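Heads up: the structure comes next, in structure tokens.
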Amino acid sequence: MSAQREMKEKNPWHTPVTIIITVIGVIAIVALVTVAVLQNRPVSQKYKYGIVLDAGSSHTALYIYEWPAEKDNNTGRVEQTHSCKVKGKGISSYASEPWKAGESLTLCMQEAEQKVPKKRHHETPLYLGATAGMRLLNMENSSASDKVFQAVEKALQKSPFSYQGARILSGQEEGAFGWVTVNYLDDRLMQGLETTGALDLGGASTQISFVSDNYDGSESPSNSVAFRLYGNDYNLYTHSFLCYGKDQVLRMALAQQTQSGPRTILDPCFHPGYTEIKNYSVLYDSPCVSDRKPQGAPVSFNHRGNGSFGQCQEIVKSVFNFTSCKYSQCSFNGVFQPLLQGPFGAFSAYYFVMNFLNLTDTSIPLDTVKDKLTRYCATPWDQIKLQHPNVKLNYLEEYCFSGTYILTLLTEGYNFTSESYSNIKFIKKIKGSDAGWTLGYMLNLTNMIPAEAPDSPPLPHAGYVSIVTIIALLLVVLFILSLRPLWPRCSKQPHII
Ligand SMILES: O=P(O)(O)OP(=O)(O)OP(=O)(O)OC[C@H]1O[C@@H](n2cnc3c(O)ncnc32)[C@H](O)[C@@H]1O
Ligand SMILES: [Ca+2]
1 MSAQREMKEK
11 NPWHTPVTII
21 ITVIGVIAIV
31 ALVTVAVLQN
41 RPVSQKYKYG
51 IVLDAGSSHT
61 ALYIYEWPAE
71 KDNNTGRVEQ
81 THSCKVKGKG
91 ISSYASEPWK
101 AGESLTLCMQ
111 EAEQKVPKKR
121 HHETPLYLGA
131 TAGMRLLNME
141 NSSASDKVFQ
151 AVEKALQKSP
161 FSYQGARILS
171 GQEEGAFGWV
181 TVNYLDDRLM
191 QGLETTGALD
201 LGGASTQISF
211 VSDNYDGSES
221 PSNSVAFRLY
231 GNDYNLYTHS
241 FLCYGKDQVL
251 RMALAQQTQS
261 GPRTILDPCF
271 HPGYTEIKNY
281 SVLYDSPCVS
291 DRKPQGAPVS
301 FNHRGNGSFG
311 QCQEIVKSVF
321 NFTSCKYSQC
331 SFNGVFQPLL
341 QGPFGAFSAY
351 YFVMNFLNLT
361 DTSIPLDTVK
371 DKLTRYCATP
381 WDQIKLQHPN
391 VKLNYLEEYC
401 FSGTYILTLL
411 TEGYNFTSES
421 YSNIKFIKKI
431 KGSDAGWTLG
441 YMLNLTNMIP
451 AEAPDSPPLP
461 HAGYVSIVTI
471 IALLLVVLFI
481 LSLRPLWPRC
491 SKQPHII
């Protein structure tokens, strides 16, 4: 009995002081881990917003971007959350009634007011960038283009957002920002990976932008844009071909076939059985063809199709000039182009057209692609209409021409070969955001891509919490071990008889 009491008295685990110390120690360690976890848990996200209006030649679109408020200028976290297609044509088509250009934006602006939380409205930057349609209108009639801008500005200034201005982008900017968008969304810039080239086909112009190792920018400085992004230097080659968007090339192809002012043309780029009456003055009402309007032509001509890919390609080739090149190498029209390099993303009309034609798979050999297009172009117009009852007729009638133009531009114009063709990916979106120049434009204007790589914490959140937990557990073990001299010696326990 006395030995039992003696042992109990000697056992430190049974003294109130040790129990209190142990409890306090455990509470302290649990508190330490809890604080570490809670303190470093991402706080509930607050977002910031930016809005860009893409005033293209054929239509205007509004894009809303969103990013976590505390990560303004380091990590690549800007995403497109909403887009709105403005009803009607591009703003340049309102040259004779400019107020309508402003009015046309109203519905999409109202939609944006609903999508962006009200308390963020006043701090949300709003930009409008116009491209080739306004470039052409500005060349043709600068006072008309000024009036369109005034009308657009008036409409945008009324919005609750922080309006930052409307302007025409240069072709260089349009190409370069498209490249920034694609590579930003692919996380290639922050990680310093090999970049993807950007191919953009609009209605009135087309852009090609890529980084080529053998290009330092000196041979044709006007085609060069230097960037320092996240600590990496890029020497980008970019060129925008005004009048080489698909709508203007179609005008050039028709101009080519109507030089003698005929009353009927049989166009190989349109399906057999296609027949429409077209107006000469409407066709030639663009600076891309206006100097070629035939003298003494009738008011209209009968535009008929005969569906021949081969003949269509000959007409399309005739809109390119391959004769003069004062550089080491050119694409077409005497424009310098370094050796093609790396993967390419082809978006906007490249995607619309190739997607419709089921030709986005670039592992299909180029010859097979041509065979498929040959068969498609030769299909009678009535049959095409029956097969695609839900496609807008003004799109449907042009896919044979557009497909032929795309293949000709890529192979004859830019010099993609049967092998390098497979480096092209036809894309519409990357991770939910549309490929196009708008995101790159906003990232640039809001200084959201830093020149130098951002400092990042040495450990990710999960790593930090794990280390704190392990250290805390080690402390518990150490604490227990430190009490070892006081542990009861079980083996020497007296036997009680
Ligand atoms: O860049 P710019 O030259 O200013 O022109 P844009 O911005 O208006 O040009 P888009 O990329 O929006 O469209 C390019 C062309 O594709 C046409 N397009 C748009 N959606 C299409 C679809 O679903 N199918 C076929 N063509 C389409 C459109 O009419 C234009 O001719
Ligand atoms: Ca465009």
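Per this note's numbering, the very first residue in the sequence shown carries number 1; after that it's consecutive.
We put the CB at the ideal spot given by N, CA and C, even for glycine.
Fair warning: this is a prediction, and the values are worked out from it, not measured in the lab.
Practice task
Check each candidate in LEU126, GLY88, CYS108, TYR47 and name the one with the smallest Cα separation from THR438.
Solution key: LEU126 is the residue among LEU126, GLY88, CYS108, TYR47 whose C-alpha sits nearest the C-alpha of THR438.
Exercise for the section: Measure the Cβ-Cβ separation of PRO294 and CYS243 and say whether it is below 9 Å. Expected result: Their beta carbons are not under 9 Å apart, which means PRO294 does not touch CYS243 by this criterion.
Practice task
Label GLY165 either buried or exposed according to how many other C-beta atoms from any shown protein chain fall within 10 Å of its C-beta, with 16 as the threshold for buried.
Solution key: Counting of Cβ neighbours within 10 angstroms places GLY165 among the exposed residues, the total staying below 16.
Problem - DSSP bridge partner residues for SER433 (one or two, in chain order) - result: Listed as beta-bridge partners of SER433 by DSSP are ILE430.
Practice task
Within its chain, find whatever has a CB closer than 7 Å to the CB of LYS100; leave out the 5 residues flanking it on each side and keep chain order.
Solution key: Its chain contains TYR94 as the residues whose beta carbon lies nearer than 7 Å to that of LYS100, once the 5 sequence neighbours on both sides are disregarded; these appear in chain order.
Practice task
Say yes only if the C-beta of PHE241 is nearer than 8 Å to one or more non-hydrogen atoms of ligand 1, and no if none qualify.
Solution key: No, ligand 1 has no heavy atom inside 8 Å of this Cβ.
Practice task
Could you confirm whether any beta carbon from chain B is found closer than 9 Å to the beta carbon of SER331?
Solution key: Included in the structure is just one protein chain, with no chain B present.
Exercise for the section: Would you identify the three-state DSSP class for LEU236, choosing helix, strand or coil? Expected result: Assignment of LEU236 by DSSP, reduced to helix, strand and coil, places it in the strand class.
Exercise for the section: Please classify HIS271: is it buried, with 16 or more other beta-carbons within 10 angstroms of its beta-carbon, or exposed? Expected result: Label assigned to HIS271: buried.
Exercise for the section: Return yes when the C-beta of GLY203 is under 8 Å from any heavy atom of ligand 4, and no when it is not. Expected result: In terms of ligand content, the structure shown lacks ligand 4 and carries ligand 1 and ligand 2 instead.
Problem - Closest Cα partner of GLY403 within the set PHE227, PHE426, ALA55 - result: Put simply, of PHE227, PHE426, ALA55 the residue whose alpha carbon is nearest the alpha carbon of GLY403 is PHE426.
Problem - Cutoff 8 Å; reference GLU9; Cβ partners in own chain excluding five residues on either side - result: In this prediction, GLU9 has a pLDDT of 49, which is less than 50 and means its spatial position is unreliable; what the coordinates show is noted afterwards. So no residue of the chain qualifies.
Handout entry: Nearest residue (CA-CA) to VAL316, options MET190, GLN337, GLU70, ALA255
Key = Of the listed residues, the one whose Cα sits closest to VAL316 is ALA255.
Exercise for the section: Quick one: grab the DSSP three-state call for ILE51. Expected result: Looking at ILE51 - three-state DSSP - the assignment turns out to be strand.
Handout entry: Where LYS85 falls: helix, strand or coil (DSSP)
Key = If DSSP states are grouped into helix, strand and coil, LYS85 belongs with the strands.
Practice task
Tell me whether the beta-carbon of ILE168 lies closer than 9 Å to the beta-carbon of ALA226.
Solution key: Taking a C-beta distance under 9 Å as the contact criterion, ILE168 and ALA226 do not qualify as a contact pair.
Handout entry: Proximity below 9 Å, CB of TYR405 to CB of ALA253
Key = A Cβ-Cβ contact shorter than 9 Å links TYR405 with ALA253.
Exercise for the section: Kindly indicate the opening and closing residues of the alpha helix (DSSP H) around LYS317. Expected result: Annotation for LYS317: the continuous alpha helix (DSSP H) segment containing it runs 309-317.
Handout entry: Which residues DSSP lists as bridging ARG292, in chain order
Key = As DSSP reads the structure, ARG292 sits in no beta bridge.
Problem - Sequence ranges, beta strand (DSSP E) only - wholly within the stretch 130-206, length at least 3 - result: Counting only runs of 3 or more, we get 162-168, 197-201.
Handout entry: First through last residue of the beta strand (DSSP E) which encompasses LYS278
Key = In the DSSP annotation of this structure, the continuous segment of the beta strand (DSSP E) that includes LYS278 starts and ends at 275-279.
Practice task
Determine the direct distance from the alpha carbon of SER145 to that of PHE352, and round the result to whole angstroms.
Solution key: The straight-line gap from Cα to Cα measures roughly 28 Å.
Practice task
Under 8 Å by Cβ, that's how I've got GLY342 and GLY178 pegged, so tell me the actual separation to the nearest angstrom.
Solution key: Rounded, the Cβ-Cβ distance is 15 Å, inconsistent with contact.
Handout entry: ligand 1 heavy atom lying under 8 Å from the CB of GLY133
Key = Yes.
Exercise for the section: Could you check what DSSP says for PRO494 in three-state terms: helix, strand or coil? Expected result: Residue confidence for PRO494 is low, a pLDDT of 45 falling below 50, so the modelled location carries little weight; the figure read from the coordinates is stated next. Coil.
Practice task
Kindly provide the ranges of any alpha helix (DSSP H) runs that are 4 or more residues long and lie completely inside the stretch 360-443, ordered along the chain.
Solution key: Complete alpha helix (DSSP H) runs here, min 4: 366-378, 381-387, 393-396, 399-408.
Practice task
Could you pull out every residue in the same chain whose Cβ sits closer than 8 Å to the Cβ of ASP247, ignoring the five residues on either side in sequence?
Solution key: If we look at ASP247 and ignore the five residues flanking it on each side, its Cβ neighbours are SER57, SER58, GLY203, ALA204.
Practice task
Return yes when the Cβ of ARG304 is within less than 9 Å of the Cβ of LEU340, no when it is not.
Solution key: Taking 9 Å as the cut-off, the Cβ atoms of LEU340 and ARG304 do not count as close.
Exercise for the section: Along the beta strand (DSSP E) that carries VAL225, what are the first and last residues, could you check? Expected result: Element bounds for VAL225: 224-229.
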